[in-house]
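In my numbering, the protein residues as written are 23 to 137.
Below is one structure, written out as structure tokens, with a few remarks after it.
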Ligand SMILES: [Zn+2]
Ligand SMILES: [Zn+2]
């Protein structure tokens, strides 16, 4: 999935499939989804839940919880890892007896260039 690794901005599975098709016409959507699934599970890529897009990880230890700042104009996603935010959420969940299965932290707005 070198295509995804090159992705600097988030792309939908369909857009990724189109990219892959430029090199390999036999690629099937199911193959793409399976590959994306694998990459996300292993922390090589992230799924932006609110946009249903995929983005290559910026190369942290895998797997990890990532937070995103997403620009509404240029669509770039800035990945960051806030240990503090994650700790705060899990502390609260523990207090409430809540079991977290998925943790999503995505903020939308405009980046420095698009403001
Ligand atoms: Zn990451
Ligand atoms: Zn922007």
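Glycine residues also receive a C-beta, built at the ideal position from the N, C-alpha and C atoms.
About 16 Å separates the CB atoms of residue 78 and residue 55; that is not less than 8 Å, and the two are not in contact.
The set of residues with a C-beta under 7 Å from any non-hydrogen atom of ligand 2 comprises 93, 95, 96, 98, 132, 133, 135 and 136, given in chain order. CA-to-CA, the gap between residue 125 and residue 41 works out to about 29 Å. Counting only runs of at least 4 residues, the stretch 30-82 fully encloses the following alpha helix (DSSP H) elements, listed from N- to C-terminal order: 35-43 and 51-63. Per DSSP, residue 120 has no beta bridge partner at all. The secondary-structure analysis by DSSP pairs residue 132 with nothing; it has no beta-bridge partner.
Excluding sequence positions up to five before and after residue 74, its CB lies within less than 7 Å of the CB of 34, all in the same chain and listed in chain order.
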